[in-house]
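Top line first, the protein sequences correspond to chains G and R. For the first sequence, position 218 matches number 217 in numbering that gives the first Met the number 0, and the numbering has no gaps at all. For the second sequence, position 319 matches number 318 in numbering that gives the first Met the number 0, and the numbering has no gaps at all. Idealized CB from N, CA, C, for every residue including glycine.
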Amino acid sequence: MTNVLELRGITKRFPGVLANDKIDITLREGKILALLGENGAGKTTLMNILYGLYKPDEGSIAVHGKEVEIHGPNDAIAQGIGMVHQHFMLVPVMTVTENVMLGIEPTKNGIFLDKEKVAGRIREISDQYGLDVDPNAYIKDLPVGIQQRVEIIKVLYRQADILILDEPTAVLTPQEVEGLFMIIDTLIKSGKSIIFITHKLKEVLAVADDITVLRLGRVVGSINPKEATTEKLAVMMVGRDVNLVVDKKPAKPTEPVLVVENLYVRDERQNQTVQGVSFEVRKGEVLGVAGVQGNGQTELVYALTGLLPLEDGTIRLLGEPIHRTTPRNILERGVAHIPEDRQRHGLILTFPIHDNMMLCTYYKNPFARGISLQEKTIFSNAEELVGQYDVRTPNIYVNAGTLSGGNQQKVIVAREFSRPIQLLIASQPTRGLDVGSIEYIHQQIIKKRDEGTGVLVVSSELDEILALSDRIAVMYKGQIMGIVDAQTATKEQLGLLMAGIHPSETAQA
Amino acid sequence: MNKTDTTSQTPETKTSKENHNESIWQALLVPVLAVVTGLFLGGIVILASGENPINAYGALFTGSFGKPANFIEGISVLFSTGDTAALIKAIYPFTESLVIATPYIFAGLSVALGFRCGLFNIGAEGQFFIGALVSAFVGYSLKGLPMIIHLPIAILAGAAGGALWGMVPGYLKARFGAHEVVNTIMMNWIAFRLSDWLLSGPMKASGFRPVTPNVLASAELPRFFPEPLRFNLGFFIALLVAYFIYWFLFKTTLGFEIRAVGANPDAAKYAGMNIIRNFVLVMALAGALAGLAGSSQVLGVDHWVGQGFSAGYGFDAIAIALLGKSHPAGVVMAALLFGFLRGGATNMQSMAGIPIDIISIIQGLVIVFIAAPGIIRWLYRIRTIKTEETVLTRGWGS
């Protein structure tokens with residue numbers, strides 16, 4: 000058996016950081032190599048080197064046994080290397096055909112675009128690999144799972160035989176993940192080789208032929224999936240034992256903190272994305288909101304925190320209506336918000352850590368007297384929180400943008416938890432974080448619950464929802480499909496609800 | 000991960016002070032190199048036009064700072080005879096550069112304040128005009144007041160006029176989302192034509208020229224030296240205002256809000272800040288600062304307003320704010336640089352025969368290098384700072 004791709008001794012330094020340190024990786028022909036690692040382990044850097052976006056300081060790349068130099072994506076494609084990005088690179092208002100041909104437009108008579116030719120080729124590819132994609136459909140009308148297949152078609156159309164899938168399951172429902180695994184299987188059977196980048200341990204065990212684990216820019220080891228367990232992989236990834244199950248006592252819920260009735264919200268583009276949602280969150284419990292991303296969870300949270308106006312319905316916090324008030328007023332009533340997009344809403348990346356640590360309370364005692372900021376208090380507050388929440392940073396004066404994702408999230412958690420709160424709204428609280436940080440943030444959320452805070456967790460990761468929640472609400476197309484007890488809920492049941500199917504309906508069918 | 004792991008990951012742990020000094024150097028590096036490179040390339044242009052750059056820059060230097068020999072002579076004359084005339088003549092170029100720098104400081108602060116809030120105030124020129132006109136009007140029409148009352152009123156009236164001119168685009172943006180760039184440009188044209196009309200009609204002094212009457216002595220900013228030196232209190236007011244803006248931006252809650260809105264409006268909204276109110280506030284303040292620029296020019300230097308009064312101060316202010324990295328201290332330094340360049344340019348033209356426009360070329364080059372710092376980093380092989388590296392790979396993934 001031959002190796003289609005070999006990376007030897009790849010080293011890449013950034014100022015002050017050794018992102019990749021003599022990394023060796025081997026992809027065997029017709030096999031799936033899972034590249035596993037925490038955030039900041041160097042996976043992205045390595046793939047950017049392979050895709051020609053970075054130049055390695057040392058090391059060599061060999062494709063089909065021949066040493067090559069890759070200076071950009073075009074070189075990578077010429078070598079048969081195709082990348083399916085985690086964030087799709089598609090133009091929503093264009094058709095599948097138009098998206099696939101972007102950048103390599105074939106023409107008739109040298110002037111007119113030859114869409115028919117491309118569409119025909121897409122049909123062939125679609126049939127060959129069982130992708131079931133209509134070339135004339137518009138991207139914006141397609142579900143995320145199909146959009147991902149369009150991305151796969153894009154690289155197959157460019158005749159890639161080495162596919163790199165970057166966190167491909169992050170945006171999929173459990174059922175869609177199954178579908179993706181079937182496609183991967185077909186691809187392998189027709190002779191393609193795949194690098195599968197992920198931090199989800201169970202998926203690695205389900206699909207990989209070989210596993211290589213990265214930590215802090217180095218290869219920790221390679222392991223055969225037959226010999227691996229999730230615990231073993233987690234230890235390799237993090238370098239110590241990890242508690243994958245959140246240790247929590249049964250909830251002791253009391254009176255309701257948040258009562259939402261018949262809520263309707265339109266997003267910034269005036270689409271009605273929340274349609275008649277009602278639920279309540281009680282003190283001392285975690286209500287998890289599950290659902291595939293883009294089913295109205297984002298807008299629900301924005302409405303609760305005052306970032307979007309509601310169209311209809313009521314929101315009451317401890318009995319008081321808060322749906323016609325300002326974000327500041329909601330903050331002051333004791334609502335903490337860990338936002339979904341931490342770099343957009345949660346932090347000012349160009350501000351130092353100490354300013355981000357008081358972003359919501361800067362105008363109040365003890366951070367300000369009148370309009371005068373009290374720097375001493377601001378610094379000591381930040382020093383204290385950095386220590387208490389174990390934020391890894393050289394000091395509190397560096398900009399928040401220099402921190403890793405996990406430490407950025409810790410800054411937000413520290414800030415939000417350091418003021419008196421009644422309700423915690425945590426949206427995708429551990430997205431993109433490493434196992435160590437996930438564990439930590441989960442523990443902090445449960446700690447808040449046990450102190451009697453009402454907690455609303457929104458996540459598209461079912462494992463996270465199952466680990467944290469006492470009750471689970473599933474959102475689909477702006478509505479709550481059902482609220483189930485977390486103790487008795489199964490992944491299959493939730494997966495069906497996430498796909499908009501009531502379990503009772505399937506039982507009847 | 001244990002504690003030893005952490006320290007090995009971040010070996011460059013520094014004290015805050017070291018960190019602070021380093022960041023000041025980082026901040027100064029590109030602007031200074033941009034100026035040096037601009038002067039160097041300007042020298043090549045001078046060379047290409049068949050003149051000697053060393054002579055040219057020599058004339059520029061003596062034109063902006065004066066001749067050291069004259070200065071020494073002035074002092075010795077003063078000590079031997081008690082006559083100050085020679086010394087005053089010697090310091091004339093230097094003080095005149097400071098006079099030119101004064102409105103630059105005010106107008107530069109105006110644009111810089113806008114930048115800090117994410118707003119592009121192209122309207123400083125118009126606000127400058129309005130400030131000058133209002134100050135002039137108050138200066139010549141209010142009669143019989145002592146200076147201690149008349150001068151502050153004239154200054155504040157100019158600031159208020161500019162504030163009004165800035166507030167209109169601020170309000171239009173806040174209320175209707177109209178882009179401030181378009182509206183400040185429109186407000187400029189309204190200011191220009193309005194001043195044409197006022198100068199040829201309601202505010203016209205007797206005589207043929209379209210100029211205002213001279214302001215009364217009680218509204219003039221006091222001068223420190225006899226004629227022809229025009230150096231006046233305005234320069235020190237400008238420094239004081241620059242310090243105030245620094246304090247306001249970096250030491251107050253209002254400034255914190257303004258900077259937060261400018262750096263990340265989404266996060267500012269998340270933190271409960273009122274973005275709309277900040278837009279109006281900042282545009283009004285920026286207008287007031289540009290108005291002060293006009294006010295200081297009319298009350299301190301010219302004492303009357305004529306057509307084409309501003310000479311582009313409001314537009315040069317954009318360059319100054321960029322060069323000063325929108326920091327009040329940087330703005331003061333950039334304004335001084337522009338003052339010296341402009342101050343020395345006339346001498347360069349008369350002594351070395353270099354057209355005054357070469358200064359515009361140098362300024363233009365400096366702005367290009369500031370706007371595209373990548374050129375400077377590439378020229379001098381400066382390592383990209385780590386923060387910018389992370390932006391490149393920003394994302395949720397691994």
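| query | result |
| --- | --- |
| Would you mind sorting residue 385 of chain G into buried or exposed? The rule is 16 or more other CB atoms within 10 Å of its CB. | buried |
| Over what stretch of residues does the alpha helix (DSSP H) that includes residue 249 of chain R continue unbroken? | 233-250 |
| Going by alpha carbons, who is nearest to residue 168 of chain G out of G/145, G/158, G/214? | G/145 |
| How about residue 343 of chain G: is its C-beta nearer than 7 Å to some C-beta of chain R? | yes |
| Starting from the Cα of residue 437 of chain G, find the closest Cα among G/420, G/407, G/454, G/422 and give me that residue. | G/407 |
| Give me the Cα-Cα distance between residue 29 of chain G and residue 79 of chain G, rounded to the nearest whole angstrom. | 14 Å |
| Applying a beta-carbon distance threshold of less than 9 Å, which residues of chain R neighbour residue 33 of chain G? | What residue 33 of chain G touches in chain R: nothing, since even the nearest Cβ is about 12 Å away. |
| In the DSSP assignment, find the alpha helix (DSSP H) that holds residue 470 of chain G and state where it starts and stops. | Not the alpha helix (DSSP H): residue 470 of chain G falls in the beta strand (DSSP E), residues 470-475. |
| Using only the alpha-carbon positions, how far apart do residue 242 of chain R and residue 148 of chain R sit? | 24 Å |
| Chain R beta carbons: is any one of them nearer than 7 Å to that of residue 50 of chain G? | no |
| At the level of alpha carbons, what is the spacing between residue 113 of chain G and residue 120 of chain G? | 11 Å |
| Tell me, to the nearest whole angstrom, how far the beta carbon of residue 206 of chain G is from that of residue 31 of chain G; I am working on the premise that it is less than 8 Å. | 6 Å |
| On the DSSP bridge assignment, give the partners of residue 209 of chain G in chain order. | G/32 |
| My assumption, with CB atoms under 8 Å, is that residue 388 of chain G sits in contact with residue 409 of chain G. Please give the rounded CB distance. | 5 Å |
| Looking only at its own chain, which residues have a Cβ that is under 7 Å from the Cβ of residue 227 of chain G, when we skip the five neighbours before and after it? | 204, 210 |
| Taking a contact to mean a Cβ-Cβ separation below 7 Å, would you say residue 230 of chain R touches residue 94 of chain R in this structure? | yes |
| Any beta carbon of chain R sitting closer than 7 Å to that of residue 370 of chain G? | yes |
| Name the residues in the stretch 295-327 of chain G whose C-beta lies less than 9 Å from a C-beta of chain R; which are they? | 304, 305, 306, 325, 326, 327 |
| Could you tell me the distance, in whole angstroms, from the CA atom of residue 115 of chain R to the CA atom of residue 91 of chain G? | 34 Å |
| Assign residue 229 of chain R to one of three DSSP states: helix, strand, or coil. | coil |
| At a CB-CB cut-off below 9 Å, which residues of chain R make contact with residue 367 of chain G? | 251, 252, 255 |
| State yes or no: is the C-beta of residue 234 of chain R within less than 7 Å of the C-beta of residue 63 of chain R? | no |
| Using a Cβ distance threshold of 8 Å, determine whether the stretch 371-385 of chain G contacts the stretch 247-262 of chain R, with at least three qualifying pairs required. | yes |
| Would you report the Cα separation of residue 430 of chain G and residue 362 of chain G, rounded to the nearest angstrom? | 30 Å |
| Just reading off the beta strand (DSSP E) that residue 217 of chain G is part of, what are its end residues? | 217-222 |
| Measure from the alpha carbon of residue 278 of chain G to the alpha carbon of each residue in G/272, G/267, G/303, then state which is nearest. | G/303 |
| Do we get a CB-CB distance below 7 Å when we pair residue 349 of chain G with the residues of chain R? | yes |
| Which residue spans inside the stretch 35-88 of chain G form an unbroken alpha helix (DSSP H) run of at least 4? | 42-49, 72-77 |
| List, in chain order, every chain G residue whose beta-carbon is nearer than 9 Å to that of residue 263 of chain R. | 342, 343, 344, 346, 347, 348, 349, 350 |
| So residue 105 of chain R and residue 295 of chain R are supposed to be a Cβ contact under 8 Å. How far apart are they, rounded? | 6 Å |
| Between the Cα of residue 187 of chain G and the Cα atoms of G/161, G/284, G/177, which residue gives the shortest distance? | G/161 |
| Taking just the CA atoms, how far does residue 48 of chain R sit from residue 160 of chain R? | 45 Å |
| Counting only beta-carbon separations shorter than 7 Å, does residue 237 of chain R have a partner in chain G? | no |
| Using alpha carbons as the reference points, say which of G/299, G/421, G/379 lies closest to residue 260 of chain G. | G/299 |
| Would you kindly work out how many angstroms separate the C-alpha atoms of residue 286 of chain R and residue 306 of chain R, rounded to a whole number? | 20 Å |
| Name the chain G residues that come within less than 7 Å of residue 268 of chain R, Cβ to Cβ? | 306, 326 |
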